[in-house]
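K.L.:
Numbering (this note's numbering), first residue to last: 22 to 337.
Glycine included, each C-beta is placed from N, C-alpha and C at the ideal position.
If you're wondering where the values come from, they're calculated on a predicted model, not measured in any experiment.
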Amino acid sequence: MKFSDFFNNWLHENYYKNVAQIGKKGDFFTAVSVGNLFGTLLAKHFLKLIDDGIIKPPLEIVEIGANEGYLSRDFLSALLEFRPEIFSQISFFIVEPHEKLRILQQKTLESIDFTHKNNLEECHFKNAFFFCNELFDSFTCELIDDNKMAYVQDYQIIFKPIDKALKEKCEKLNLKKGELSLELENFLKKLDQVSEKFIFAGFDYGTLDNDRFSIRIYQKHEVFNLFEVPLKDFFGKSDITYNVNFNHLKIVIENLNFKLLHFKKQSQALIDFGFEELLEYTKNKNMKSYENLLSQGKILFFNFDEKFHFFEFAKL
């Protein structure tokens with residue numbers, strides 16, 4: 022089978038479907054694992070988009086790839102803190118294909134009125150704000166090595182001649198070696214089809230100049246080289262991921278006539294969202310909460326690799 026099918030079976034038909042744990046007890050951390058600061062700053066950014074007239078209520082707010090729902094909880098809690106009247110002008114959705122994760126999300130957000138959607142195909146949004154954290158690096162990908170692409174047979178990766186259409190796409194992207202996600206293109210096309218207007222805010226790990234394989238396995242916070250371990254021992258039980266090709270993302274955004282609003286380091290984005298203002302606001306209200314946010318900030322700014330980026334694009 023093509024590597025993309027193997028990747029899908031590993032990650033989506035087994036690992037996520039059976040509720041992968043994230044954080045200390047899981048295989049990897051995300052910014053959401055640190056605490057509520059990440060979601061709070063995203064909420065401040067969302068409110069600034071409204072205040073600056075870039076988006077106007079009424080709005081549909083949509084998280085994709087919510088896992089247990091903690092980012093949505095932190096985001097909505099911050100809206101309740103800063104501007105509770107906004108709830109009369111928003112409706113909230115989570116796009117989630119996995120039943121076990123939907124149950125967890127309902128438990129996390131039990132006091133919130135929201136709607137689950139299984140996939141984008143069953144959606145129609147008039148004026149949406151989408152957000153996600155580490156979604157694109159879970160999209161299925163092919164492994165490209167010049168004129169060859171990866172297949173998997175009996176848990177062994179083998180390279181065979183590349184499909185002609187895929188080769189042409191790689192040439193357009195100047196991609197000679199690395200990961201290529203056709204699902205990324207399909208996802209953004211679906212987003213276009215189901216939305217009249219939107220802003221999409223995302224965070225992910227990646228680079229602009231992919232020229233090597235970045236695909237790797239995470240198990241209990243250890244990193245393993247995909248090509249050096251017995252895949253059968255890890256299949257469906259550990260996380261598999263890779264660096265997002267942001268050059269590819271930018272090209273697809275341009276081809277769909279979306280407007281790229283922001284592309285910057287995650288740490289810079291969190292500062293721009295109002296980290297210092299939030300600290301000052303919290304310090305004046307509760308010193309213990311202030312110290313907690315300061316501690317979270319140190320982790321977010323110093324413990325996450327510089328490859329973490331924030332990107333935001335729009336169909337307006």
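What is the DSSP secondary structure of R233, reduced to helix, strand or coil?
P.N.:
coil
K.L.:
If we ignore side chains and look at the alpha-carbon of each, how far apart do S112 and R123 end up?
P.N.:
18 Å
K.L.:
Mapping the DSSP letters down to three states, classify D225 as helix, strand or coil.
P.N.:
DSSP places D225 in strand when its eight states are reduced to three.
K.L.:
According to DSSP, simplified to helix, strand and coil, what is L281?
P.N.:
strand
K.L.:
Roughly how many whole angstroms lie between the Cα atoms of N35 and K258?
P.N.:
Their Cα atoms are separated by approximately 8 Å.
K.L.:
When burial is assigned at 16 or more other CB atoms within 10 Å of the CB, is H242 buried or exposed?
P.N.:
exposed
K.L.:
Do you know how far the Cα of F108 is from the Cα of H137?
P.N.:
18 Å
K.L.:
Have a look at V53 and Y91 and give me their C-alpha separation to the nearest angstrom.
P.N.:
7 Å
K.L.:
Is it true that the CB of F157 sits closer than 7 Å to the CB of A171?
P.N.:
no
K.L.:
Taking L201 as part of the alpha helix (DSSP H), name the residues at either end of that continuous run.
P.N.:
Per DSSP, L201 belongs to no alpha helix (DSSP H); it is in the beta strand (DSSP E), K198 to L201.
K.L.:
Could you give the distance in angstroms between the alpha-carbon of D196 and the alpha-carbon of L229?
P.N.:
Residue 196 is actually Leu in this sequence, not Asp. Those two C-alpha atoms are separated by around 11 Å.
K.L.:
Can you find the residues in the same chain that come closer than 7 Å, C-beta to C-beta, to Q110, ignoring five residues on each side of it along the sequence?
P.N.:
P78, P79 and L80
K.L.:
For K304, I'd like the list of residues in its chain whose CB is within less than 8 Å of its CB, leaving aside the five on either flank, ordered along the chain.
P.N.:
Annotation for K304: Y311 place their beta carbon closer than 8 Å to its own, counting only its chain and skipping 5 residues before and after.
K.L.:
Our contact map puts F152 next to G223 with C-beta atoms below 8 Å; I'd like the distance itself, whole angstroms only.
P.N.:
7 Å
K.L.:
In the DSSP output, what is L101 paired with across the bridge?
P.N.:
DSSP lists no partner for L101.
K.L.:
If you check the beta carbons only, do I373 and V83 fall under 7 Å apart?
P.N.:
Examination of residue 373 is not possible in this model, given that the chain is present from 22 through 337 alone.
K.L.:
Please determine, among D184, V265, F114 and L281, the residue with the shortest C-alpha to C-alpha distance to S159.
P.N.:
V265
K.L.:
Taking three-plus beta-carbon pairs below 8 Å as touching, is the region 209-228 in contact with the region 314-334?
P.N.:
The region 209-228, when compared against the region 314-334, does touch it at the 8 Å Cβ threshold.
K.L.:
Quick one: what does DSSP say T262 is sitting in, helix, strand or coil?
P.N.:
strand
K.L.:
Measure the C-alpha to C-alpha separation of K253 and Y302 and round it to an integer number of angstroms.
P.N.:
51 Å
K.L.:
To which residues of the same chain is I274 closer than 6 Å at the C-beta, ignoring the five residues directly before and after it?
P.N.:
L281 and F334
K.L.:
I'd like the span of the alpha helix (DSSP H) that includes Q174, first residue to last.
P.N.:
That residue, Q174, is in no alpha helix (DSSP H); its beta strand (DSSP E) goes K169 to Q174.
K.L.:
On a CA-only basis, which of Y176, I165, E297 and L315 is nearest V250? Give me that one, please.
P.N.:
Y176
K.L.:
Can you tell me the Cβ-Cβ gap for T61 and L299, rounded? I've got them flagged as a contact below 8 Å.
P.N.:
7 Å between Cβ atoms; contact.
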